Amino acid sequence: MRTVITIFLALTIVASASAQRLTYDALVRSAKIYLQEAPKDYVKAEEKLRQAIDEFQDKQPVEAYFGLGALQAEKKRYAEMNENFEAALKICAEATDKKLKKRCDKENISETIISIRLSSWIDEFNSGASVLAGAVDLWPDLEDAESEDDTLDILDEIDATYRSALQNFVNASIIIPDSAQAWINAGITYYNLGKVKKTLGEPDAETALKDSAIIAYETAIEVHPENFDLLSNMSTIYFELKNWDACAATFGKMAALQPDNVSVLSNLSMLLMELDSKDTLNTLNLGDSITFVFDRIIELDPTNVDALSQRAFATITESIGINDSISVLRGLDENVHKSEIQALTEVRNAAYRSVIDDFTVVAETDPGNYDAWYWMGNCYYFLEEYQKSLECYEKALAIKPDAKEVLEILAPLYLKQGDRKKSDEAQKKYEELVGESG
Numbered sequence: 003m004r005t006v007i008t009i010f011l012a013l014t015i016v017a018s019a020s021a022q023r024l025t026y027d028a029l030v031r032s033a034k035i036y037l038q039e040a041p042k043d044y045v046k047a048e049e050k051l052r053q054a055i056d057e058f059q060d061k062q063p064v065e066a067y068f069g070l071g072a073l074q075a076e077k078k079r080y081a082e083m084n085e086n087f088e089a090a091l092k093i094c095a096e097a098t099d100k101k102l103k104k105r106c107d108k109e110n111i112s113e114t115i116i117s118i119r120l121s122s123w124i125d126e127f128n129s130g131a132s133v134l135a136g137a138v139d140l141w142p143d144l145e146d147a148e149s150e151d152d153t154l155d156i157l158d159e160i161d162a163t164y165r166s167a168l169q170n171f172v173n174a175s176i177i178i179p180d181s182a183q184a185w186i187n188a189g190i191t192y193y194n195l196g197k198v199k200k201t202l203g204e205p206d207a208e209t210a211l212k213d214s215a216i217i218a219y220e221t222a223i224e225v226h227p228e229n230f231d232l233l234s235n236m237s238t239i240y241f242e243l244k245n246w247d248a249c250a251a252t253f254g255k256m257a258a259l260q261p262d263n264v265s266v267l268s269n270l271s272m273l274l275m276e277l278d279s280k281d282t283l284n285t286l287n288l289g290d291s292i293t294f295v296f297d298r299i300i301e302l303d304p305t306n307v308d309a310l311s312q313r314a315f316a317t318i319t320e321s322i323g324i325n326d327s328i329s330v331l332r333g334l335d336e337n338v339h340k341s342e343i344q345a346l347t348e349v350r351n352a353a354y355r356s357v358i359d360d361f362t363v364v365a366e367t368d369p370g371n372y373d374a375w376y377w378m379g380n381c382y383y384f385l386e387e388y389q390k391s392l393e394c395y396e397k398a399l400a401i402k403p404d405a406k407e408v409l410e411i412l413a414p415l416y417l418k419q420g421d422r423k424k425s426d427e428a429q430k431k432y433e434e435l436v437g438e439s440g
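In this text, residue positions in the sequence shown follow our numbering: the first is 3, and each later residue adds one.
This is the structure:
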């Protein structure tokens, strides 16, 4: 009899526990009730929704996934929000059962998720933009700092403000990962945090933050590869990081977007001069010579002194190479290689003429340009047009009276032209300068 009673009690307890187990719909309703309280009880609501998901996978718990995602959106737990929203969207996208489709339509799952994400993104982005503007407004306060401690306090405040803005932009990029503007602003904020570290004298931290800025910009450029302003920001950071190849490649992309932008082409040409890299030229489809870039700049701006000068210097470098080849052939057997030497001499002389043409425009645009007159003098000298060479050297010397390299050439050149007095004066001045320099 006692055994029977024990079994009866056990069955009663099991039956009671079973009766207390909430249904899926009851769990979802319970969560909604907790979220309607004032204040909302997020903890208990989340418990009920997770229980609904865990215990009723067989019921395709779309409402629970959706409700949990919406809750996490309010709590700014955006990565978790995305996971649950995607789970809800997947259920609805794959739904074949009419009742399940009706449940999805009833909750208006897809459109509501879009609305929540967009609303959350706008809140985070606008908050970040507002905080970012506040950080910018703090920089002038550094000028009024009365002590080093004041300066450090202001920099700490600027740093904290930027980091607050950064969190907003990072959140926005989590909500909508392919939102270029969120990534762009994150990049801007990383860059400004780097400026704070630069002011504090922390170069390693500055570099790390600029690297982070580049990563953010690169993510944005994947979404909008033709964003010129974004590429411009990237080129600035690459330049500051001394990543010349990446900087040149970025300027190349900018030049492709705005082929008539002289400033971009000028920056690109300067970088390519430093790199002297065939690989970079090939990558940017610039052929075998950076004179292609100079030609384009001069086509757009015929009196661009920098481009004309750089093209002239590039041509001078080529002429030196030709001279070396001529010297090698003469050393072998001048008679055997006579025709080759003659052909190379004509090419070299044409190069000298090209240099003179470019530097003539430079001198007309900028009469005080020493390099223009000096190199025209050299080229005329190499072409054995000594009177023109003399005139150019004299103008160069008028600009730079202590130019030893000019005086050294003028002494024999005056003598060649039959003016011993000026030759002696030039030689004396040259020797004085050499003596002074030790």
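A virtual CB, placed ideally from N, CA and C, is assigned to each residue, including glycine. In this text, all values refer to a predicted model and were calculated from it rather than measured experimentally.
Nearest-angstrom Cα separation, counted from Ile178 out to Asn84: Taking the first residue of the sequence shown as 1, we reach residue 84 at position 82. Taking the first residue of the sequence shown as 1, we reach residue 178 at position 176. Distance between the alpha carbons of Asn84 and Ile178 is about 9 Å.
For Tyr44 and Lys77, believed in contact at Cβ under 8 Å, the rounded distance: For the purposes of this step, residue 77 is taken as residue 75 along the sequence shown, with counting starting at 1. For the purposes of this step, residue 44 is taken as residue 42 along the sequence shown, with counting starting at 1. With a Cβ gap of about 6 Å, Lys77 and Tyr44 count as contacting.
Terminal residues of the alpha helix (DSSP H) in which Leu144 lies: Numbered from 1 along the sequence shown, position 142 holds the residue referred to as residue 144. Where Leu144 is concerned, there is no enclosing alpha helix (DSSP H), because DSSP gives it neither an H nor an E.
The segment 135-153 touching the segment 169-186, judged by at least three CB pairs closer than 8 Å: Taking a contact to require three or more Cβ pairs closer than 8 Å, the segment 135-153 and the segment 169-186 do not qualify as touching.
Three-state secondary structure assigned by DSSP to Thr98: Within the sequence shown, the letter at position 96 stands for residue 98. When DSSP states are grouped into helix, strand and coil, Thr98 belongs to the coil group.
Residue burial classification, Ile116 (beta-carbon count within 10 angstroms, cutoff 16): By one-based count along the sequence shown, residue 116 stands at place 114. Classification for Ile116: exposed.
Range covered by the alpha helix (DSSP H) that runs through Asn245: Along the sequence shown, one-based indexing puts residue 245 at 243. Here Asn245 belongs to no alpha helix (DSSP H), and DSSP marks it neither H nor E.
Status (buried if at least 16 other CB within 10 Å, exposed otherwise) for Gln183: The residue you call residue 183 lines up with position 181 of the sequence shown. A residue is called buried when at least 16 other Cβ atoms come within 10 angstroms of its Cβ; Gln183 meets this threshold and is buried.
Residue from Lys406, Ala405, Gln389 and Leu435 whose Cα sits closest to the Cα of Leu417: Within the sequence shown, numbered from 1, the residue matching residue 417 stands at position 415. The shortest Cα separation from Leu417 among Lys406, Ala405, Gln389 and Leu435 belongs to Gln389.
Touching by the beta-carbon criterion (3+ pairs, under 8 Å), the segment 329-340 and the segment 304-321: no
Distance, Trp141 Cα to Tyr192 Cα: Here the question's residue 192 lines up with position 190 in the sequence shown. Here the question's residue 141 lines up with position 139 in the sequence shown. A straight line joining the alpha-carbon of Tyr192 with that of Trp141 spans about 16 Å.
Cβ shell of Lys423 (< 7 Å), same chain only, five flanking positions each side left out: Numbered from its first residue, the sequence shown carries residue 423 at position 421. None.
Residue range of the alpha helix (DSSP H) that includes Ile178: Translated into positions along the sequence shown, residue 178 becomes position 176. Annotation for Ile178: no alpha helix (DSSP H) segment contains it, and DSSP assigns it neither H nor E.
Cβ shell of Asp303 (< 6 Å), same chain only, five flanking positions each side left out: For the purposes of this step, residue 303 is taken as residue 301 along the sequence shown, with counting starting at 1. For Asp303, where only same-chain residues beyond five positions count, the Cβ hits under 6 Å are Val264.
Beta-carbon gap between Ile401 and Met378 smaller than 7 Å: The residue you call residue 401 lines up with position 399 of the sequence shown. The residue you call residue 378 lines up with position 376 of the sequence shown. Cβ distance not < 7 Å, so Ile401 and Met378 don't count as in contact.
The segment 224-235 contacting the segment 243-250, beta-carbon criterion three pairs below 8 Å: Touching, no, given that fewer than three Cβ pairs across the two stretches are closer than 8 Å.
Local Cβ density within 10 Å of Ala428, reported as buried at 16 or more and exposed below that: As a working mapping, residue 428 is identified with position 426 in the sequence shown. Sixteen is the threshold: when 16 or more other Cβ atoms of the shown chains lie within 10 Å of the Cβ of Ala428, as they do, the residue is buried.
CB contact flag (Ile299, Leu267, <7 Å): Position 297 of the sequence shown, counted from the first residue, corresponds to residue 299. Position 265 of the sequence shown, counted from the first residue, corresponds to residue 267. It is a contact, given that the beta carbons lie within the stated cut-off.
Residue of Ser122, Asp139 and Cys94 minimising C-alpha distance to Ile111: In the sequence shown, residue 111 corresponds to position 109, counting from 1. It is Cys94 whose Cα lies nearest to the Cα of Ile111.
Unbroken stretches of the beta strand (DSSP E), 3 residues or longer, contained in the segment 93-137: Counting whole runs of 3 or more residues, the segment 93-137 contains no beta strand (DSSP E) stretch at all.
Cβ pair Arg350, Ser321 closer than 7 Å: Working through the sequence shown from its first residue, we reach residue 350 at position 348. Working through the sequence shown from its first residue, we reach residue 321 at position 319. Their beta carbons are under 7 Å apart, which means Arg350 touches Ser321 by this criterion.
Residue environment, Glu434, which counts as buried when at least 16 other CB atoms sit within 10 Å: Indexing the sequence shown from 1 puts residue 434 at position 432. So Glu434 counts as exposed.
Range of the contiguous alpha helix (DSSP H) that encloses Arg23: Walking along the sequence shown from the start, residue 23 turns up at place 21. Run containing Arg23: none; DSSP gives neither H nor E here.
6 Å CB neighbourhood of Tyr372 in its chain, flanking five on each side removed: Residue mapping note: residue 372 aligns to position 370 of the sequence shown, counting from 1. For Tyr372, where only same-chain residues beyond five positions count, the Cβ hits under 6 Å are Ala398, Ile401 and Lys402.
Val6 burial status per 10 Å Cβ neighbour count (16 or more: buried): For this step, residue 6 is matched to residue 4 along the sequence shown. Model confidence at Val6 stands at a pLDDT of 45, short of 50, so the residue's coordinates are unreliable; what they give is reported in the following sentence. Exposed.
C-beta contact flag for Asn187 and Glu126 at 7 Å: Taking the sequence shown and counting its residues from 1, one reaches residue 187 at position 185. Taking the sequence shown and counting its residues from 1, one reaches residue 126 at position 124. For the pair Asn187 and Glu126, the CB atoms are not nearer than the 7 Å cut-off.
Environment of Gly130 [buried if 16+ CB atoms lie within 10 Å]: Taking the sequence shown and counting its residues from 1, the one referred to as residue 130 is at position 128. It is buried - the Cβ of Gly130 has at least 16 other Cβ atoms within 10 Å.
Ser425 versus Leu415: straight-line alpha-carbon distance, rounded: The count along the sequence shown starts at 1 and reaches residue 425 at position 423. The count along the sequence shown starts at 1 and reaches residue 415 at position 413. Roughly 7 Å separates the two Cα atoms.
Rounded separation between Leu274 and Cys249 - CA only: The residue labelled residue 274 in the question sits at position 272 within the sequence shown. The residue labelled residue 249 in the question sits at position 247 within the sequence shown. Roughly 10 Å between the two C-alpha positions.
DSSP state of Phe296 mapped onto helix, strand, coil: For this step, residue 296 is matched to residue 294 along the sequence shown. If DSSP states are grouped into helix, strand and coil, Phe296 belongs with the helices.
Beta-carbon contacts of Phe253 that lie in its chain and below 7 Å, excluding the five residues immediately before and after: For the purposes of this step, residue 253 is taken as the residue at position 251 of the sequence shown. In chain order, Ser237, Val266, Asn269, Leu270 and Leu273 place their CB closer than 7 Å to the CB of Phe253, counting only its own chain and leaving out the 5 sequence neighbours on each side.
Leu202 versus Asp155 - alpha carbon distance: For the purposes of this step, residue 202 is identified with residue 200 of the sequence shown, where counting begins at 1. For the purposes of this step, residue 155 is identified with residue 153 of the sequence shown, where counting begins at 1. Those two C-alpha atoms are separated by around 11 Å.
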